[in-house]
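Student:
4 protein chains.
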Amino acid sequence: MNNGKGMLRLWEKGLPLDEAIHRFTVGDDPELDKRLLSFDALGSAAHARMLAHAGLMPVKDAQALVDSLASVAARARHGEVSISPAQEDCHTAIEMLLTEQLGDAGKRIHLGRSRNDQVILALRLYMRDALLGIAAQTAELVNEFINFAQAHADATMPGYTHLRRAMPSSFGLWVGAFAAGLSEELQALQAVYARLDRCPLGAAAGFGVPLPLEREYLAELLGFSGVQISPADVMNSRGRHELALVNGLASIGLVLEKFLWDAALYSMPEFGFLDLPDAFTTGSSIMPQKRNPDVVELARARCRELRGHALMLQELAGGLPSSYHRDFQLLKKPLFAALDTSHELLAVLVRLVPGLKVNAERARAACGDELYAAHETTRLAQQGVPFRDAYQQVAQQLKDGTFKPDRSALKSSHLGGVGNLGLELMAAELKAANEWIASTCAHLKCCADGVWQGN
Amino acid sequence: MNNGKGMLRLWEKGLPLDEAIHRFTVGDDPELDKRLLSFDALGSAAHARMLAHAGLMPVKDAQALVDSLASVAARARHGEVSISPAQEDCHTAIEMLLTEQLGDAGKRIHLGRSRNDQVILALRLYMRDALLGIAAQTAELVNEFINFAQAHADATMPGYTHLRRAMPSSFGLWVGAFAAGLSEELQALQAVYARLDRCPLGAAAGFGVPLPLEREYLAELLGFSGVQISPADVMNSRGRHELALVNGLASIGLVLEKFLWDAALYSMPEFGFLDLPDAFTTGSSIMPQKRNPDVVELARARCRELRGHALMLQELAGGLPSSYHRDFQLLKKPLFAALDTSHELLAVLVRLVPGLKVNAERARAACGDELYAAHETTRLAQQGVPFRDAYQQVAQQLKDGTFKPDRSALKSSHLGGVGNLGLELMAAELKAANEWIASTCAHLKCCADGVWQGN
Amino acid sequence: MNNGKGMLRLWEKGLPLDEAIHRFTVGDDPELDKRLLSFDALGSAAHARMLAHAGLMPVKDAQALVDSLASVAARARHGEVSISPAQEDCHTAIEMLLTEQLGDAGKRIHLGRSRNDQVILALRLYMRDALLGIAAQTAELVNEFINFAQAHADATMPGYTHLRRAMPSSFGLWVGAFAAGLSEELQALQAVYARLDRCPLGAAAGFGVPLPLEREYLAELLGFSGVQISPADVMNSRGRHELALVNGLASIGLVLEKFLWDAALYSMPEFGFLDLPDAFTTGSSIMPQKRNPDVVELARARCRELRGHALMLQELAGGLPSSYHRDFQLLKKPLFAALDTSHELLAVLVRLVPGLKVNAERARAACGDELYAAHETTRLAQQGVPFRDAYQQVAQQLKDGTFKPDRSALKSSHLGGVGNLGLELMAAELKAANEWIASTCAHLKCCADGVWQGN
Amino acid sequence: MNNGKGMLRLWEKGLPLDEAIHRFTVGDDPELDKRLLSFDALGSAAHARMLAHAGLMPVKDAQALVDSLASVAARARHGEVSISPAQEDCHTAIEMLLTEQLGDAGKRIHLGRSRNDQVILALRLYMRDALLGIAAQTAELVNEFINFAQAHADATMPGYTHLRRAMPSSFGLWVGAFAAGLSEELQALQAVYARLDRCPLGAAAGFGVPLPLEREYLAELLGFSGVQISPADVMNSRGRHELALVNGLASIGLVLEKFLWDAALYSMPEFGFLDLPDAFTTGSSIMPQKRNPDVVELARARCRELRGHALMLQELAGGLPSSYHRDFQLLKKPLFAALDTSHELLAVLVRLVPGLKVNAERARAACGDELYAAHETTRLAQQGVPFRDAYQQVAQQLKDGTFKPDRSALKSSHLGGVGNLGLELMAAELKAANEWIASTCAHLKCCADGVWQGN
């Protein structure tokens, strides 16, 4: 009753199987699961340690498993572990390896868990890690936006509303918005992290196991802030967690899409406020004169793509009763795709922002007198004219052609104004975010080391 | 150049207007804005106090404005303020009222702000308030789930995976999942609240104003944790914030949808585990024998509707350059609809959960021996048989018809297991959430009182 | 056992009812169903005629029912029939009215049908009608686009790709695209109509009825092309049909969104190619100089809103087993909203397009020599230089500053080119679409007259 | 200025390039474009023939190009043509190959077109082909559903509404719904085909070319029903067409999702109406007794995945001004993914349906007397009791426990009823669909042969 490799599929009991159907059920898992291998190995090692600690496994078996798993994890990180279609997924591949190497100890690893909680643990370890990576990239980009805003704090440009010139603004004020927006998203990512920061293992198939598992100990080993208590909620949170994370990524995309749209417009000759670096533009196959802002457009589309991945996850996460259904297998692909998209998008933007060239002259020249109409209204109001009357007076001047504002009469000195961008406050928020990222990464590294080395 | 009421539209300067087009631009605002009136009045009162504090408005004008606005807010809460199509929105309606009542003081209210930051402030005050209301309802429902789980902690039922009976579970374990899931969502709502907890006023049209506004003072008056510094980010966060809130609501829906699906199935005669209260069922127009679970189905559909509202907001929030565009006007409708849906859904569930009747006998009877196969496997494993071998032995017994588990041999005593649901930990989390809700509401009430009464 | 009006809810049998729950189940139906009343009356009249024809109802009862229903339909079209919350929906309201007026004849109307097929019939009659209305508006807009393209066929403007000036184009070529795109959507609407053109009545609750219904006769009476044979598919098509229609509307929106985006850009001073009519712009509350393209922006957002409605319907239509579930009640709201949005959007655009003013001078001036680089490449290629070599030669000239194209050397005379827009072919397609609309409307009117008057 | 392979990127003119950015712009195109290669080759061959026919290319160059392209197409169909990252896409790869092999003739191929219309042509040829493949699979599945319905036309089963037993139905009636629903979708696919059936080539970058292209001749060569006249609409239809096709696929998914949900439920022991073939079920990693309906669940999830792909395309297709933007590059991936999903889903279902085993006894036993309440009501109504009174009488009997229906009193003989399923009409529709598929495929094959062989 083996499948020609001397090993069984975990659930195999000798029924007829059909290769086409098998391929349909396995799907892309052998490829997708590659990125889960090292996390599954870490989770399995912690599981073995916990079993031993609870007296449910001989200590030497646990140590042998941890050692073997450490080797799997190391090789997986170098792309040296493959998963065959017959193995179906990373969990089976690892159990097979362990059983091959260790015999009975390998056959003991699955005690007290199910593939259901095992894959959720692997995904959660992976998502925790990936989230921290995205957070670090986001923080790096915030830094670039702050630097850009600082460098161009005094460069005047027209502020637009309704895509119509409205009031005088500055390049610093424009770009400060993206630092601020991303900073908010970094906060939001921490809340998503908190969702992911509870250990699911021990839920088994969603109903626990009849063993005195030490779930709190396990959670601590793996650096979680606690146990995800309800085994049924562990199953029910599948999809909900993925969606929460990808919604967070899509919200980063909402911030960046505006920047990219602006960059696409402001670098048009019709505006002329920005030049894109040559390396970020490409040519046309029939129009020799063209330089197209392809990178900006593709990055913009990636922001929409992030929303598309969130929509996909929303479709897949909902519409089912409690507990595990095989439908959930399809959640991995859009999750991984959204993380890859975010990673690539942020990597490009971190290089694009410092490469933008500001045409300060052209931008200043675009600020005609009429952009100072609100200023003039405000000036009159400060002299005692009720604001609404001042508004009508200025409107009349504009109509009569007599409008001539005193551009230097008023300064925007309040917090956030052109003369007081508050970049140092944003930098302080960034510092706090970076500290959270660094300390969390250090904590996870320390816990993983403990699992592998048994401290 | 007035519109027959002695007052102008705020931006009116005498150009031709076309009624059909006017109706198109106004849309549903006169109706939708009704729920913003009292929040806009509060924000305007705080704005007036800040202007006076900064020396930008005579103190007695500010006091007169606050008094008038207090009356507007009180009448609005009783539905006694209407907005005419000619007024377009709540902001114009209020400014007109103030100017009618107070003359020049009314004309001074708009100094230092724009309708852009004004509406964002009103929406943010509204969303903050509505979020707390939803959180309180959610907390109430968590309490009902915990009570139900407690009452039926020992009632055995089959646990399902893939919609197939899998292992013994209990009604307590089943329903505990929804307490746990909602508890996580309550945490997530607090993170959404943090997004909303920064004061946008002073951003004006997105570029600040040339006045020494005291934005920090204003933020404190209105009970915000701080200022949303970047005026351009204030504009850019329009849509992103609405989406963050509605994603939070939709995630509550993801939890509840599973409960409702389960309730629909478990109350089928084919299962027979639950009876729905009569008041929650309706009949058929042609089949006299039928009682249909309409309320459960409609509530389930409302969970999907929440996702639909999130999708709508995602469509509307993205795809635009920085700054304000009139497109954003359409954001209000799905936001309000999603909040209403959540409110109605939670109100129904708070009544449904305690009304469910458990058929303990029928559920126990559905737990045949075969559900104890994993238990038996585990028992063998505890006796030293490697887990994977034990699995094959039990499989063989099942095939041979010799399988006879000792149902009472093993207990699931770990945290979250059938014998140790951890409900007291969930209750502690609920208590913390309720304390956050109560203290936040008290803080906001205290701040609002301060604005109205000048403490 | 009556509800105070001497009548029962159709399915009422005396069980306890709870008003809050009742309101939750009824939802917005009393308001929403108003627009179904006249269609439900028509369907019921045809049903009565069929029953009489099949010998399942006395002829004089059928005639009395038809007469009463004619009066209901006429009053409903004038908004004079209301539906009370106690009545729940239009079906109950009408049956109650008939029973009040006609006694036993009223009580006979429901033989051979269920509310399930009844509401599907009413919705289908309504959707068929609404689709034709949208098609007629779309056709009107195609006509405006063709007229505009004709009027400005010779006005040169820069053609953009990647939002960068690319090649010379014309206002006619630009706007011809929207005539062509909408023309394709008109074809697609006819395919949606074909989906709706089968009569569902007789499906009852999805399993037919034990009576010799004459379904083919009924289909003919109501002007359907045939019977929707499978009663179970009648139920299963609920949601699928609504989605197909709204996808069609959203696809119209995809065409128009591009036009509106273009209009927003081309009317910016930075481009200056178009002026929007004053009636389509509004002002700012603080910037006296501004005229904002609010109508264009709102119309653009309506296109996105259409996609949002489609997304909502997609959420609601899927995720359920076969047959009727009360979840479907929520389908009506987004369906109606999408139809209203389409109607309002098209009504505004039919007025906007002819009001656009072309600044031909400014547009021509924006076509610099470099836009003729592809022309020059083509000219060289026609002289025998391989195209790719010609491309490099022109690229070199552009780099050296020696590029000087002969702008008049080449004409774009192929079908669709600047000199041969093919508007007459588009006009012919439009004519065919208009003929389909007119003949279908006439057919439906003739059938309805036959139902009411018994021809 | 070459890239080390003696060939240039089509638009390369010597500016600095950055490899990371290059990879970002190229994205997955080298992999994705593999499936476009043979279609791009066919389109290019037709283009060459047209240029020669119009006197714009020497006939012998055209013949050499066609011969080379025939070889490319043949090798591409066997997976023997690869696209390097430096080549970026299939268009460049092919032009490079031609230039390597043929010198100047290769450099002439791009005259009169742009990559913009070239890729749209390749995609359209591909989509046309893929649509026909999906249609053929769908037709095959309709046939399986009809066969199943025929075989089990007399097997009674309970009909469910609201997931509650409602009225007697049959396996034939249940499954006939899916034949009918898919048949409607096959019609709808033909309408999508009509959208795709116009030739885009000649649009170039969206503004035509200054050459006397013979677009009608080209359209005929490639088997299109006509020319897509407006070059600007050719660009604007990018995304709209992909979405129309994938919406069509998602609508097929809406039909099948219900079948799969039903199959998941009806094969539960709680129902027991169906047995799934062993090959379509898998086991559990910890519960030896389990057989899970994984294939049914995965297929159900694939239906949701199709909606997810449609949502992604909707995100990507909208939100942009007219004309080409590089954002569109991302459209290919979800389009191809949706086609693959549809293909795999249909392939599995074609095997699943005939493998389902009906438990006729168990299903019949589930039809208790109470399911005949509507029948009894109808019987009384036929004897003259007004329907609504009969309904109350039967309700009373049910309450009193005196209800005893005459199950054989009435037959459902109308079209679509249990006794008259109308399967022969469905078979006739299927025949027509199959004829359309066959004749369209033959037409395309004949045209392609003509292009390659010059008939």
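Heads up: the sequence lines are chains A, B, C and D, in that order. Under our numbering, read the first sequence as residues 1 to 455, first letter to last. Under our numbering, read the second sequence as residues 1001 to 1455, first letter to last. Under our numbering, read the third sequence as residues 2001 to 2455, first letter to last. Under our numbering, read the fourth sequence as residues 3001 to 3455, first letter to last. All C-beta atoms in this analysis are idealised placements derived from N, C-alpha and C, irrespective of residue type, glycine included.
Does Y3160 (chain D) come out as helix, strand or coil in the three-state DSSP assignment?
Tutor: Strand.
Student: Would you please verify whether the beta carbon of Y3403 (chain D) is less than 8 angstroms from any beta carbon of chain A?
Tutor: The sequence shown places Phe at residue 3403 (chain D), rather than the Tyr named in the question. Closer than 8 angstroms: no.
Student: Under 9 angstroms Cβ-Cβ, which residues of chain D neighbour Q329 (chain A)?
Tutor: Within 9 angstroms Cβ-Cβ: D3294, E3297, L3298, A3301.
Student: Please list, in chain order, the chain D residues whose beta carbon lies closer than 7 angstroms to that of E1270 (chain B).
Tutor: Correct list: E3270, F3271.
Student: Is there at least one Cβ from chain B nearer than 8 angstroms to P3168 (chain D)'s Cβ?
Tutor: Cβ-Cβ to chain B under 8 angstroms: no for P3168 (chain D).
Student: Is A1151 (chain B) close to chain G? Criterion is C-beta to C-beta, closer than 8 angstroms.
Tutor: Protein chains A, B, C and D are contained in the structure displayed, whereas chain G is not.
Student: According to DSSP, is C1199 (chain B) part of a helix, a strand, or is it coil?
Tutor: Reduced to three states, the DSSP call for C1199 (chain B) is strand.
Student: Under a Cβ-count criterion, where at least 16 other Cβ atoms within 10 Å of its own Cβ denotes burial, should A76 (chain A) be classed as buried or exposed?
Tutor: Classification of A76 (chain A): buried, given that the 10 Å Cβ count is 16 or more.
Student: Taking the alpha-carbon of L1423 (chain B) as reference, which of B:A1180, B:K1034, B:D1117 has the nearest alpha-carbon?
Tutor: Nearest of B:A1180, B:K1034, B:D1117 to L1423 (chain B), Cα basis: B:A1180.
Student: Taking E220 (chain A) as part of the alpha helix (DSSP H), name the residues at either end of that continuous run.
Tutor: Counting along the chain, the alpha helix (DSSP H) containing E220 (chain A) begins and ends at 215-221.
Student: In terms of alpha-carbon separation, which member of A:V358, A:L430, A:Q382, A:V394 lies closest to D457 (chain A)?
Tutor: Because chain A here runs from 1 to 455, residue 457 (chain A) falls outside it and cannot be looked at.
Student: What does S3038 (chain D) pair with, by DSSP beta-bridge criteria?
Tutor: DSSP, once it has assigned bridges, lists no residue as partnering S3038 (chain D).
Student: Assign D233 (chain A) to one of three DSSP states: helix, strand, or coil.
Tutor: Helix.
Student: Please list the partners that L1398 (chain B) has in chain D, where partner means a Cβ-to-Cβ separation under 9 angstroms.
Tutor: In chain order: P3288, Q3289.
Student: Check whether the Cβ atoms of S3285 (chain D) and H110 (chain A) lie closer than 8 angstroms to each other.
Tutor: Yes, the pair counts as a contact, with Cβ atoms nearer than the cut-off.
Student: Near N247 (chain A), what residues of its chain come up, given a Cβ to Cβ distance below 7 angstroms and the 5 sequence neighbours on each side ignored?
Tutor: These residues qualify, in order along the chain: A310.
Student: Note down, in chain order, each residue of its chain lying with its Cβ closer than 6 angstroms to the Cβ of G253 (chain A), except the 5 sequence neighbours on either side.
Tutor: Excluding sequence neighbours, G253 (chain A) sits near C303, L306.
Student: Thinking just about the alpha-carbon of each residue, which of D:P3058, D:Q3063, D:A3086, D:K3034 is nearest to the one in E3019 (chain D)?
Tutor: Residue D:A3086 is the option with its Cα nearest to E3019 (chain D).
Student: Express the C-alpha separation of D3406 (chain D) and L3398 (chain D) in angstroms, rounding to a whole number.
Tutor: Using only the alpha carbons, I get a separation of about 14 angstroms.
Student: From the beta carbon of A2122 (chain C), is the nearest beta carbon of chain B less than 8 angstroms away?
Tutor: It does not: the Cβ of A2122 (chain C) has no partner Cβ on chain B nearer than 8 angstroms.
Student: Using only the alpha-carbon positions, how far apart do A73 (chain A) and F39 (chain A) sit?
Tutor: So the alpha carbons of these two residues sit roughly 8 angstroms apart.
Student: Can you give me the Cβ contacts of T2138 (chain C) inside the same chain, cut-off strictly under 7 angstroms, excluding the 5 residues immediately before and after it?
Tutor: Within the same chain, T2138 (chain C) has close Cβ partners L2182, E2185, L2186, I2252, L2346.
Student: State the start and end residues of the unbroken alpha helix (DSSP H) segment that holds V3026 (chain D).
Tutor: Counting along the chain, the alpha helix (DSSP H) containing V3026 (chain D) begins and ends at 3019-3026.
Student: Just the C-alpha distance for Y458 (chain A) and N1147 (chain B), rounded to the nearest angstrom, thanks.
Tutor: Since the displayed chain A opens at 1 and closes at 455, residue 458 (chain A) lies outside it and no answer follows.
Student: Using the three-state DSSP reduction, which class does V1227 (chain B) fall into: helix, strand or coil?
Tutor: Of the three classes helix, strand and coil, the one that applies to V1227 (chain B) here is strand, per DSSP.
Student: In angstroms with no decimal places, state the Cα-to-Cα distance between S3170 (chain D) and A3366 (chain D).
Tutor: Using only the alpha carbons, I get a separation of about 12 angstroms.
Student: When you compare the region 209-223 of chain A with the region 42-60 of chain A, are there three or more beta-carbon pairs, one atom per stretch, that lie closer than 8 angstroms?
Tutor: As far as the Cβ criterion goes, the region 209-223 of chain A touches the region 42-60 of chain A, which means the pair count is three or higher.
Student: Mind checking the region 2361-2391 of chain C against chain A and listing, in chain order, the residues whose C-beta falls within less than 7 angstroms of any C-beta there?
Tutor: The region 2361-2391 of chain C vs chain A, Cβ under 7 angstroms: E2370, A2373, A2374, T2377, Y2391.
Student: Just to make sure I have the definition right: I need the residues of chain A whose C-beta is within less than 7 angstroms of the C-beta of Q1101 (chain B). Which are they?
Tutor: Neighbours of Q1101 (chain B) on chain A: none; closest Cβ ~14 angstroms, over 7 angstroms.
Student: Is it right to say R3334 (chain D) is buried, meaning 16 or more other beta carbons lie within 10 angstroms of its own, or is it exposed?
Tutor: In the sequence on display, residue 3334 (chain D) carries Pro and not Arg. With 16 or more other Cβ atoms within 10 Å, it is buried.
Student: Kindly indicate the opening and closing residues of the alpha helix (DSSP H) around K211 (chain A).
Tutor: Lys is not the amino acid found at residue 211 (chain A); the sequence shown has Leu there. No alpha helix (DSSP H) holds L211 (chain A); DSSP gives it neither H nor E.
Student: What did DSSP end up calling N3002 (chain D) once you bin it into helix, strand or coil?
Tutor: Note that N3002 (chain D) scores a pLDDT of 34, beneath 50, so its modelled location is shaky; the value from the coordinates is reported in the next line. Reduced to three states, the DSSP call for N3002 (chain D) is coil.
Student: Once the 5 residues before and after E3297 (chain D) are set aside, which same chain residues still bring their CB inside 6 angstroms of it?
Tutor: Hits under 6 angstroms: none found.
Student: Note down, in chain order, each residue of its chain lying with its Cβ closer than 8 angstroms to the Cβ of P1293 (chain B), except the 5 sequence neighbours on either side.
Tutor: A1263, A1264, S1267, L1276, F1280, T1281, listed in sequence order.
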